[in-house]
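Following UniProt numbering, the numbering of the sequence shown begins with 1 at its first residue and continues without gaps.
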Amino acid sequence: MKAGKLNEPYIAIMKDGKLSYGGNQEWWKGRSMSGYGCGTIAATDILLYLDLHKDYCKGKEFQEEEKGNGILDAEVYEKCVETMCKKYFPIIPGLGIPGWLLGIEVNRYFIKNRIPLKAAFGVRSRNIPNRIKAMLAHDIPVILAIGPNFPIPLRKHKLAFYNKTEEGYEKIAETAAHFVVVTGFESEWLRISSWGREYYINFYEYQNYVKKHSCSLVSNICYIKKRK
C-alpha cells in the first residue's frame, strides 16, 4: 500500500494535563464502558472528527462541543461519548457492540443528521486495503475491527501493536476483540488510535490473524462513502 493519512490532526482530549490521541474507554470507572466500550469510543471519535473538519458532516449531538483546533476538554469529550452511547452505540454487557450494529448505527446517525454519507460494516477481504486508502484519501478515519478468535472466542491468539522508534517498530502490546481507528498508513504499517494513544499495526500480520484465528465476518472495517 502507498502512504496516506488524514488531512487534519486527529482529535485529541486534554486529560490530566496531557493530550491523548483519540479517546480511551479506560477513563470510565464502570466495567461496561471500560471493558467493552471500544466500539462506542471509535464511532464517537470518527464522527467527532468529521463534525470538526467537514462542513457537510455537522451533527446535532456535537454542535455545543465543537472546538476548531480539534482539542476537547475531558469533561466535554466524556459527555459526547455518553450521549452517543445512549442514542446510537449501546454497550451490550459482556460483548460491547458488534460490528454489524455499529455500521447500522453510524448510518442512522448520517441519515438523522442529513449527512450525505453512508456506512456499512464489512467488505471483501481483498478489498480492505483499497477501501482504507479510499476513505483516508477523502479524509475519513477508518474503524477497524480486530475480531475475537473464531469459531472459538476463548482461544488466546492476539494481534500485536507497535510503537514507531528510530530503529523501526517495537512491539508494545497485543489484543483481540477490539475496535481501533486507522488514521494513516505507511507501506504495510497502519497508524491507529487505541486507548488514547498512537500505535501501529502491521497490515500483513492483521491479514494473517484474520485468516488463521478470526474471520472477516467479525474482523473487518466500517466502510463509509458518499451517498449517491
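Positions of the beta carbon are idealized from the N, C-alpha and C atoms, including for glycine.
Of the candidates 161, 195 and 9, 195 places its Cα closest to the Cα of residue 41. Under the Cβ criterion (8 Å, minimum of three pairs), the stretch 102-115 does not count as touching the stretch 5-12. Considering only 62, 153, 154 and 137, the residue with the shortest C-alpha distance to residue 113 is 62. Take residue 215, set aside five residues on each side of it, and the residues of its chain with a beta-carbon closer than 6 Å to its own are 150, in chain order.
By the criterion of a C-beta distance shorter than 6 Å, residue 39 is surrounded in its chain by 96, 97, 102 and 179, once the five residues flanking it on both sides are discounted. Rounded to the nearest angstrom, the gap between the Cα atoms of residue 20 and residue 71 is 9 Å. The alpha carbon of residue 191 has as its nearest neighbour, out of 126, 93 and 141, the alpha carbon of 141. Boundaries of the alpha helix (DSSP H) around residue 100: 99-112. In the DSSP assignment, residue 202 falls outside any alpha helix (DSSP H) and lies within the beta strand (DSSP E) extending over 197-202.
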